[in-house]
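Below is one structure; the comments refer to it alone.
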């Protein structure tokens, strides 16, 4: 059974290099019936760090301290990031990257106080389209480092359909047929009456965020993976496992929703060390206090609240249309649950053949929990002091 222990060791070693990803890159298409079109990209400066979760967002005071040369370097990094991530096309013609003009702007409309008091890099590409233009689409290049959130506004109205694009994927095609008027002489009253309708909008948005939620756990959320394995290692009996997972799910669903809707806000510099510490605590409890006890649910619930805040960045700050936000929140959370279920099934299948509980504890629980605890402790120290 040594291979199972090795599995935990390899997983935890890989976890040393990974944590929750930062918010993805929004690409917003703004189209007006007079043909004026603006494609906007937004870049969080944490994207340039080796470990984005270990650095703060660019606050106002930090921005003011930047030299002109440092600002220039950051803008160049943003330009290079988009160059490696994005292509667009109209009317199914050749893919291309438009000429974006990049600058720093204060983040306005974020879902948290922290977001609205920080600076981001925004790039604007202004394109004049003719009345013959019929469609718009984007592609996340294979070399993209982060996922891309594809959203659009027609006549200033946010559209319901949203795509989350992984590297190498194309967005849905935004149908602009008959949208553009004859130009400057178009009647603004008539323009405001235009309503884009897409019967696939709700389903597409839900599935897109469902998939993103799963991926934020498997394989990207490795601290979350270790926590779930820590729950599993306490007991393979279904009742304790279901109770723990249910408490954890309820808790992180609550805070994920509240944080995404902007009702609560906690700095990542507080959340991330606590998430790391929770991994160590759960693992150490498996070693020193074996066997399920009711107070375990309280501990799991409290840590679940913190883990929910760790996921909040995946949906916050994109200013989605309300229906899209709720669909995205529900889909993302369900994807997280599917990811957790996949982990538990995998853990059970890997250990099912070990029937003797003494051997199971000696070969799996103890070495697995020690390994998980060590990296939880390492992460905690790293996120506090480095």
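Numbering (the numbering used here), first residue to last: 227 to 612. Glycine is no exception: its CB is placed at the ideal position from the N, C-alpha and C atoms.
Query, Result
"Cβ neighbours of residue 409 in the same chain (closer than 8 angstroms, five flanking residues each side left out)", "Legend: pLDDT at residue 409 = 49, less than 50; position of this residue unreliable, no value from coordinates given."
"contact_flag[the stretch 501-518, the stretch 569-582] where n(CB pairs < 8 angstroms) is 3 or more", "no"
"Inter-stretch contact (C-beta, 8 angstroms, three-pair minimum) for the stretch 282-293 and the stretch 383-400", "no"
"Endpoints, alpha helix (DSSP H) assigned at residue 329", "First-last for residue 329: 327-332, but that is the beta strand (DSSP E), not the alpha helix (DSSP H)."
"Nearest-angstrom Cα separation, counted from residue 294 out to residue 576", "55 angstroms"
"Whole-number beta carbon distance between residue 534 and residue 477, since they are thought to touch under 8 angstroms", "6 angstroms"
"Simplified DSSP assignment, three categories, for residue 256", "strand"
"For residue 347 and residue 304, believed in contact at Cβ under 8 angstroms, the rounded distance", "4 angstroms"
"Residues that residue 315 bridges to, as DSSP identifies them", "363"
"According to DSSP, residues forming a beta bridge with residue 401", "361"
"Cβ-based burial, residue 595 [other Cβ within 10 Å; buried from 16]", "buried"
"Euclidean distance between Cα positions of residue 446 and residue 565", "11 angstroms"
"Buried or exposed by the 16-neighbour rule on C-beta atoms within 10 Å, applied to residue 465", "exposed"
"Buried/exposed call for residue 526, threshold 16 Cβ in 10 Å", "buried"
"Buried versus exposed call for residue 308 [16 or more other C-beta atoms within 10 Å across all chains shown]", "buried"
"Under 9 angstroms between C-beta atoms of residue 250 and residue 390", "yes"
"Buried/exposed call for residue 591, threshold 16 Cβ in 10 Å", "buried"
"Span separating the alpha-carbon of residue 589 from that of residue 505", "20 angstroms"
"Contact belief for residue 580 with residue 536 at Cβ below 8 angstroms, rounded distance in angstroms", "Going by Cβ atoms, the distance from residue 580 to residue 536 rounds to 32 angstroms, so no, they are not a contact pair."
"Beta-carbon contacts of residue 563 that lie in its chain and below 7 angstroms, excluding the five residues immediately before and after", "475"
"Separation of residue 559 from residue 656, as counted between CA atoms", "This structure leaves residue 656 out entirely; the chain is present only between 227 and 612."
"For residue 283, the nearest candidate out of 495, 490, 431 and 435 (CA to CA)", "495"
"Cβ-based neighbour list, residue 603, same chain, cut-off 6 angstroms, excluding 5 preceding and 5 following", "506"
"Bridge partner(s) assigned by DSSP for residue 285", "344"
"Secondary structure of residue 488, DSSP reduced to three states", "coil"
"Beta carbon of residue 428 nearer than 9 angstroms to that of residue 313", "no"
"Start and end residues, beta strand (DSSP E) containing residue 461", "No beta strand (DSSP E) holds residue 461; DSSP gives it neither H nor E."
"DSSP state of residue 604 mapped onto helix, strand, coil", "helix"
"Nearest-angstrom beta carbon gap, residue 300 and residue 362 [assumed within contact, 8 angstroms]", "Not really, about 29 angstroms apart at Cβ, beyond 8 angstroms."
"Beta-carbon proximity list for residue 430, same chain, < 6 angstroms, skipping 5 on both sides", "387"
"Rounded separation between residue 584 and residue 509 - CA only", "18 angstroms"
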